[in-house]
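Here the structure comes first, spelled out in structure tokens, and everything after it is commentary.
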Amino acid sequence: MVAEDDAKQAELVRRYLEHEGHAVTVVEDGRAALEEVRHREPDLLVLDVMMPRADGLDVVRILRAEDREIPVLMLTARSTEDDLLLGLDLGADDYMTKPFSPRELVARVRTLLRRNRRTAAPSPAAGPGPAAAVAPAEADDALTVGTLRVDPVRHEVSVGGTLVVCTPGEFRILAAMAAEPDRVFTRQRLLAELHGFDKYISGRTVDVHVMHLRKKIERAPRRPVRLLTVFGVGYKLTDPAKGARRASS
């Protein structure tokens, strides 16, 4: 579904996505976007930020409050970092700033859909209802830190065998840290992983990525045991089982 109040922009996006083989529904305001998602539950939402009746940020906030896990790609003419980070913080999966390349938008939609299908695939033994997909047992080049597995080849992350959906920026940070467990990464070092990838980056960008990663790989994100803060320095990725063994010895 495409939620965009600019008719020409919406038509351009629709044509490119249909050419890729997608069935596309277009709505023109935030309230219509909410109604359509609740009624039809599309596979993905391309969402403009500036819309009448309810803006894109409000739409994302409401959808996440309703526990709807539909992937959201936000389109925004706002170029300030705070606006972009707010969208990610509210639960958007990716964003593009206007003007954008329609071909890049199609590629990002393809990536988000592929990741969402991997995690939404039901387990044969789970019975009815959604279930997390199980990661393949073999991953030749996978990086492991305890039960956390990062596979750079398949671009997959799993915890205890259950796949976790990460944005491209989150994956870059996690892969770098998984390659060197227990090393303390400064924010500047992690920013280097995002250089040329995220258009608007700062130390706060890293903090937002870490916050989202904790929600995905930690049982209690507010009390992390894997992705730890080293105050005054940065972050490190560790195996929580090692810390438990040290504490008991």
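Quick note on numbering that gives the first Met the number 0: the sequence shown kicks off at 0 and runs consecutively.
Where is the CB? At the ideal position from N, CA and C, for every residue including glycine.
Close beta carbons around residue i, own chain, < 7 Å, minus the five adjacent residues each side
i: Val158; result: Thr146, Leu147 and Ile216
i: Leu89; result: Leu56, Val59, Arg60 and Arg63
i: Arg213; result: Pro220, Pro223 and Leu226
i: Asp238; result: Val144, Gly145 and Pro180
i: Arg13; result: Val1, Val23 and Val25
i: Gly231; result: none
i: Ala6; result: none
i: Ala178; result: Leu142
Rounded straight-line distance, which links the Cα of residue j to that of residue i
i: Ala2; j: Arg186; result: 35 Å
i: Val152; j: Ala141; result: 8 Å
i: Ala174; j: His21; result: 31 Å
i: Glu192; j: Leu11; result: 33 Å
i: Thr166; j: Ser100; result: 19 Å
i: Leu162; j: Thr228; result: 24 Å
i: Ala106; j: Lys241; result: 40 Å
i: Lys235; j: Glu65; result: 33 Å
i: Met176; j: Ala91; result: 24 Å
i: Val205; j: Phe170; result: 12 Å
i: Pro129; j: Val156; result: Legend: pLDDT at Pro129 = 40, less than 50; position of this residue unreliable, value from coordinates given subsequently. Pro129 and Val156: Cα-Cα distance of roughly 19 Å.
i: Arg188; j: His154; result: 21 Å
i: Arg218; j: Gly168; result: 21 Å
Contact under 8 Å by Cβ, residue i with residue j
i: Gly86; j: Met73; result: yes
i: Tyr15; j: Leu112; result: no
Assumed close pair residue i, residue j - CB separation to whole angstroms, cut-off 8 Å
i: Val45; j: Thr75; result: Their Cβ separation, rounded to whole angstroms, is 12 Å, which puts Val45 and Thr75 out of contact at 8 Å.
i: Glu27; j: Met0; result: That pair is no contact at about 12 Å.
Contacting residues, own chain, Cβ-Cβ under 6 Å from residue i (five flanking each side not counted)
i: Gly233; result: Val183, Phe184, Thr185 and Arg186
i: Ala32; result: Ala2, Val26 and Val58
i: Met50; result: Asp4, Asp28 and Gly29
Among the options, nearest to residue i - alpha-carbon criterion
i: Ile172; options: Pro180, Pro220, His208 and Val144; result: His208
i: His38; options: Asp150, Asp54, Ile69 and Phe170; result: Ile69
i: Arg67; options: Glu179, Pro41 and Ala53; result: Pro41
i: His211; options: Lys241, Met50, Val108 and Asp93; result: Asp93
i: Ala9; options: Lys97, Ala53 and Met176; result: Lys97
i: Val164; options: Leu190, Thr204, Thr110 and Met176; result: Thr110
Contact set for residue i: own chain, Cβ-Cβ below 8 Å, skip 5 residues either direction
i: Val108; result: Leu16, Glu19, His21, Leu43, Val45 and Leu72
i: Arg52; result: Asp28, Gly29, Arg30 and Ala31
i: Asp54; result: Gly29 and Val48
i: Arg102; result: Tyr15
Minimum Cβ-Cβ distance from residue i to chain D less than 8 Å
i: Met210; result: In the displayed structure, chain D is absent; only one protein chain is listed.
Residue i beta carbon near the ligand MG (any heavy atom closer than 7 Å)
i: Thr204; result: Of the ligands one can find in the structure shown there are none, so the ligand MG has no counterpart to examine.
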